[in-house]
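Peer 1: Provided herewith is a single structure, encoded as structure tokens, for subsequent inquiry.
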Amino acid sequence: MIRMFLTGIIRLYKYCLSPFLAPSCRFYPSCSSYAHEALARYGAGKGVGMAVRRLLKCHPFHPGGYDPLP
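Count along the sequence shown from 1, then add 1; that gives the number in our numbering.
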């Protein structure tokens, strides 16, 4: 139930808000795609933790690049 709610929020961001923003994610896959996949694969508890860790890496001093799910 929680996973579906969080997945809905990510989809809402990806399809309603993200198209109006300039592409700025320094990672591949994008942070929203990473979070969506983490929730689908690992569930709400671990998936949210993985998504938060990924978002905390999103700053100018991190090189970014290819960062798949473990």
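Virtual Cβ for every residue (Gly too), placed ideally from N, Cα, C.
1) Pick helix, strand or coil for Phe62, following the three-state DSSP scheme.
2) Assign Ala23 to one of two classes, buried (16 or more other C-beta atoms within 10 Å of its C-beta) or exposed (fewer than that).
3) Beta-carbon within less than 6 Å of Lys15's beta-carbon, same chain only, minus the 5 sequence neighbours each way: which residues are those?
4) Going along the chain, which unbroken runs of the alpha helix (DSSP H) with 4 or more residues stay wholly within the segment 24 to 61?
5) Buried or exposed, going by whether 16 or more other CB atoms sit within 10 Å of the CB of Tyr29?
6) Output the distance between the C-alpha atoms of Phe21 and Gly44, rounded to the nearest integer angstrom.
Peer 2: This is what the structure holds:
1) coil
2) With fewer than 16 other Cβ atoms within 10 Å, it is exposed.
3) Ser33
4) 32 to 57
5) exposed
6) 29 Å
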